[in-house]
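Visitor: Residue numbers (my numbering): -18 to 234.
Glycine residues also receive a C-beta, built at the ideal position from the N, C-alpha and C atoms.
Computed from a prediction, not measured in an experiment: that's the story for all the values here.
(1) Distance, Cα to Cα, residue 115 vs residue 97?
(2) Note down, in chain order, each residue of its chain lying with its Cβ closer than 8 Å to the Cβ of residue -4, except the 5 sequence neighbours on either side.
(3) Less than 8 Å between the CB atoms is what I'm expecting for residue 24 and residue -8, so what's the real figure, rounded?
(4) Near residue 156, which residues of its chain fall below 7 Å by C-beta distance, leaving aside the five closest residues on each side in sequence?
(5) What distance in whole Å lies between the Cβ atoms of residue 119 and residue 86, which are believed to be in contact at a cut-off of 8 Å?
(6) How is residue 92 classed by DSSP in three states: helix, strand or coil?
(7) Considering only their Cβ atoms, is the gap separating residue 63 from residue 212 smaller than 8 Å?
(8) Please confirm if the segment 73 to 90 is in contact with the segment 146 to 153, defined as three or more CB-CB distances below 8 Å between the two stretches.
(9) Helix, strand or coil for residue 251? Go by DSSP, reduced to three states.
(10) Determine the closest residue to residue 181 out of 20, 54, 224, 209, with distance taken between C-alpha atoms.
(11) Quick check on DSSP: helix, strand or coil for residue 80?
(12) Counting only runs that start and end within the segment 98 to 154, where is the alpha helix (DSSP H) found for 4 or more residues in a row?
(13) Are the Cβ atoms of residue 35 and residue -1 separated by less than 8 Å?
(14) Near residue 185, what residues of its chain come up, given a Cβ to Cβ distance below 8 Å and the 5 sequence neighbours on each side ignored?
(15) Kindly identify the DSSP beta-bridge partner or partners of residue 199.
(16) Rounded to a whole number of angstroms, what is the C-alpha to C-alpha distance between residue 109 and residue 4?
(17) Span of the alpha helix (DSSP H) holding residue 61?
(18) Based on Cα-Cα distance, which residue from 99, 122, 168, 204 lies nearest to residue 75?
(19) Distance check for residue 219 and residue 134, CA to CA, integer angstroms please.
Structure below.
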């Protein structure tokens, strides 16, 4: 098992159980206790977990989003695969909205050099990724900036997207559940996200498999409001069934 895959498995196990012992991780991963301890030390340094006596625990209480640094350091292969799938949907000349979050930044990085079009975003990190690209016009919404993700929100952000009709939008997520739909952690950003979805010809949720079946505090929309889901692994049959029943598609590796 590659270290990056092992690290993602550890973070998933810790988040699912809140706390987990070193012995449990040794049995789960089939590696030595020393390897697990080294992994835990590295993940704690990244801010992904918190070491406790005999094992590890979650960093953020349930209901709170982990920090940008933590999210950027985990599920990297999954996000790269999702970004590749998203970039494969693009055609030159389109107007594209790329939302907020670590997966959204990966989508910006995956846009092929030579692609031409307009990218609108509430993310300063996405804008920085694309601002130097020839042939790409970058529109940034403005508004209050949230640290970490450098996400813009409030009425200024919504106003830009009210008057923008994108060909395709890639939407960040806090959780995707068959019943609750698309949910997120930041209330100030929900309204702009709803506007992006409503005004886009097609909209796809970006959610790695750890977010499927999860519910964040604030509802954005039902699954019928979007065109589909992009994930690296179709690991939640109930979510998949709900999206397809609503007429959407699930794109996964």
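Guide: Once the coordinates are examined:
(1) 8 Å
(2) 39, 191
(3) 7 Å
(4) 164, 192, 195, 196, 197
(5) Contact flag wrong, Cβ pair sits at about 14 Å.
(6) coil
(7) yes
(8) yes
(9) With the chain covering -18 to 234 only, the question about residue 251 has no answer from this structure.
(10) 209
(11) coil
(12) 105 to 111, 136 to 143
(13) no
(14) 67, 70, 149, 150, 151, 152, 207, 208, 209, 210, 211, 232
(15) 165
(16) 43 Å
(17) 57 to 68
(18) 99
(19) 31 Å
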